[in-house]
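Novice:
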Amino acid sequence: DAGVTQSPTHLIKTRGQQVTLRCSPKSGHDTVSWYQQALGQGPQFIFQYYEEEERQRGNFPDRFSGHQYPNYSSELNVNALLLGDSALYLCASSPAVTSGGAKKLDTQYFGPGTRLTVL
Amino acid sequence: DAKTTQPPSMDCAEGRAANLPCNHSTISGNEYVYWYRQIHSQGPQYIIHGLKNNETNEMASLIITEDRKSSTLILPHATLRDTAVYYCIVRGHSGGSNYKLTFGKGTLLTVNP
């Protein structure tokens, strides 16, 4: 059973460029959340996607946007990159809260992350 | 979500039990306690969660006090591979309006040979 996968593993960009990061959720999961983790800090919530829509957003500017596809995979896009965007970007997937009428706890499972360096 | 307080670092001898404390004095009745850990530069790994009863799985045990204001994660026989940052997170049951995990700085557990 494949876990959460992310690509690429590492990425180097320059200021002002745009970047797209990708995430495939764990089998059976339909919800994807994205987090940013700066060096020495805990992960910070960016947003969550469910049913191809952004369901909740953290305190991040509009330069950060996302997308979820019908197969539940997701992308994180960051425009006009700043030096401060250098971080580990983490994707987490979780099951739907309700499935077949039964409620499940939506425990989030994380991927290995993408290390973004902005020069 | 309720705020959590954890010691910044702890040491443990290999083979001994590691007991990691967490205070969450403002926890409300429907909020769960979650524990994750993060080995250097990897994604956080889910360990265990609980509401009010003690929980045990193949990785760890979670002891929640009766008033639910604090909890302890127990790794019964720590190994060098358990060296990581451990995060205690309090979160409401999804289905409300808050779906995120709020991470603090966690506890760096160092297991020594």
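Going down the list, the sequences are from chains A and B. Per the numbering used here: the first sequence ends with 1183, consecutive numbering throughout. Per the numbering used here: the second sequence ends with 1137, consecutive numbering throughout. Note that beta-carbon positions come from the ideal geometry of N, C-alpha and C, so glycine has one too.
Whose CA, out of Gln-1069(B), Tyr-1070(B), Val-1109(B), Pro-1137(B), lies closest to the CA of Ser-1138(B)?
Specialist: Since the first and last residues shown for chain B are 1025 and 1137, residue 1138(B) lies out of range.
Novice: Let me see if you follow: with CB-CB separation under 8 angstroms, is Gly-1148(A) close to chain B or not?
Specialist: Translated into positions along the first sequence, residue 1148(A) becomes position 84. False, the Cβ-Cβ gap to chain B never drops below 8 angstroms.
Novice: Measuring only between beta-carbons, confirm whether Pro-1176(A) sits less than 8 angstroms from chain B.
Specialist: Here residue 1176(A) refers to the residue found at position 112 when the first sequence is read from its first residue. Output row for Pro-1176(A): interface = yes.
Novice: Report the residue from Glu-1115(A), Val-1096(A), Glu-1116(A) whose alpha carbon sits nearest the alpha carbon of Phe-1109(A).
Specialist: For the purposes of this step, residue 1109(A) is taken as residue 45 along the first sequence, with counting starting at 1. Ranking Glu-1115(A), Val-1096(A), Glu-1116(A) by Cα distance to Phe-1109(A) puts Val-1096(A) first.
Novice: How is Gly-1074(B) classed by DSSP in three states: helix, strand or coil?
Specialist: Translated into positions along the second sequence, residue 1074(B) becomes position 50. Strand at Gly-1074(B).
Novice: With 16 as the cutoff for other CB atoms within 10 Å, does Ala-1156(A) come out buried or exposed?
Specialist: Here residue 1156(A) refers to the residue found at position 92 of the first sequence. Ala-1156(A) is buried by the Cβ-count criterion.
Novice: Below 8 angstroms on the Cβ atoms is my contact criterion, and I expect Ala-1084(B) with Leu-1099(B) to pass it. Report the Cβ-Cβ distance as a whole number of Å.
Specialist: The residue labelled residue 1084(B) in the question sits at position 60 within the second sequence. The residue labelled residue 1099(B) in the question sits at position 75 within the second sequence. Indeed, because the Cβ distance is near 5 angstroms, the residues count as touching under 8 angstroms.
Novice: Please go through the region 1088-1142 of chain A and give each complete beta strand (DSSP E) segment of 3 or more residues, from N-terminal end onward.
Specialist: Complete beta strand (DSSP E) runs here, min 3: 1095-1101, 1108-1114, 1117-1121, 1128-1132, 1138-1142.
Novice: In chain order, what residues of the same chain lie with their CB nearer than 6 angstroms to the CB of Lys-1093(B), ignoring the 5 residues before and after it?
Specialist: As a position in the second sequence, residue 1093(B) is number 69, starting the count at 1. The residues are Ser-1049.
Novice: I need the boundaries of the beta strand (DSSP E) containing Asp-1035(B), first residue and last residue.
Specialist: Your numbering for residue 1035(B) matches position 11 in the second sequence. First-last of the beta strand (DSSP E) with Asp-1035(B): 1033-1037.
Novice: Interface residues of chain A around Gly-981(B) at Cβ under 7 angstroms?
Specialist: The structure shown does not extend to residue 981(B), since chain B spans only 1025 to 1137, so no value can be given for it.
Novice: Tell me whether Arg-1061(B) sits in a helix, a strand or coil according to DSSP, three-state version.
Specialist: Translated into the one-based positions of the second sequence, residue 1061(B) becomes position 37. Correct three-state label for Arg-1061(B): strand.
Novice: Near Thr-1089(B), what residues of its chain come up, given a Cβ to Cβ distance below 8 angstroms and the 5 sequence neighbours on each side ignored?
Specialist: Residue mapping note: residue 1089(B) aligns to position 65 of the second sequence, counting from 1. Result list for Thr-1089(B): Ser-1095, in chain order.
Novice: Identify whether Leu-1152(A) lies in helix, strand or coil by the three-state DSSP scheme.
Specialist: The count along the first sequence starts at 1 and reaches residue 1152(A) at position 88. In the structure shown, Leu-1152(A) sits in a strand (DSSP, three-state: E or B).
Novice: Between the Cα of Gln-1132(A) and the Cα atoms of Phe-1124(A), Val-1182(A), Leu-1180(A), Asp-1094(A), which residue gives the shortest distance?
Specialist: One-based indexing of the first sequence puts residue 1132(A) at position 68. Nearest of Phe-1124(A), Val-1182(A), Leu-1180(A), Asp-1094(A) to Gln-1132(A), Cα basis: Asp-1094(A).
Novice: For Glu-1090(B), which residues does DSSP report across the bridge?
Specialist: In the second sequence, counting from the first residue as 1, residue 1090(B) sits at position 66. Paired residues: none, contrary to the question.
Novice: Is there a C-beta anywhere in chain B that falls below 8 angstroms from the one on Gly-1041(A)?
Specialist: Residue 1041(A) falls outside the range modelled here, since chain A spans only 1065 to 1183, and no answer is possible.
Novice: With DSSP as the reference, identify every bridge partner of His-1074(A), one or two as the case may be.
Specialist: Along the first sequence, one-based indexing puts residue 1074(A) at 10. Note: His-1074(A) sits in a beta bridge opposite Arg-1179(A).
Novice: With a threshold of 6 angstroms on Cβ separation, who are the neighbours of His-1074(A) within its own chain once the five nearest residues in sequence on each side are excluded?
Specialist: One-based indexing of the first sequence puts residue 1074(A) at position 10. Closer than 6 angstroms at Cβ, skipping near neighbours: Arg-1179.
Novice: With DSSP as the reference, please indicate the residues paired to Tyr-1110(B) in a beta bridge.
Specialist: By one-based count along the second sequence, residue 1110(B) stands at place 86. DSSP lists Arg-1061(B), Thr-1131(B) as partners of Tyr-1110(B).
Novice: Tell me the DSSP secondary structure of Arg-1086(A) in three-state form.
Specialist: Indexing the first sequence from 1 puts residue 1086(A) at position 22. DSSP places Arg-1086(A) in strand when its eight states are reduced to three.
Novice: Under a three-way DSSP split, which group does Leu-1146(A) fall into?
Specialist: Here residue 1146(A) is taken as the residue at index 82 of the first sequence, counted from 1. DSSP places Leu-1146(A) in coil when its eight states are reduced to three.
Novice: Taking 8 angstroms as the threshold (C-beta atoms), are Tyr-1099(A) and Leu-1154(A) in contact?
Specialist: Taking the first residue of the first sequence as position 1, residue 1154(A) is located at position 90. Taking the first residue of the first sequence as position 1, residue 1099(A) is located at position 35. Yes. Within cutoff.
Novice: Mind checking the region 1070-1081 of chain A against chain B and listing, in chain order, the residues whose C-beta falls within less than 9 angstroms of any C-beta there?
Specialist: Cβ contacts with chain B: Gln-1070.
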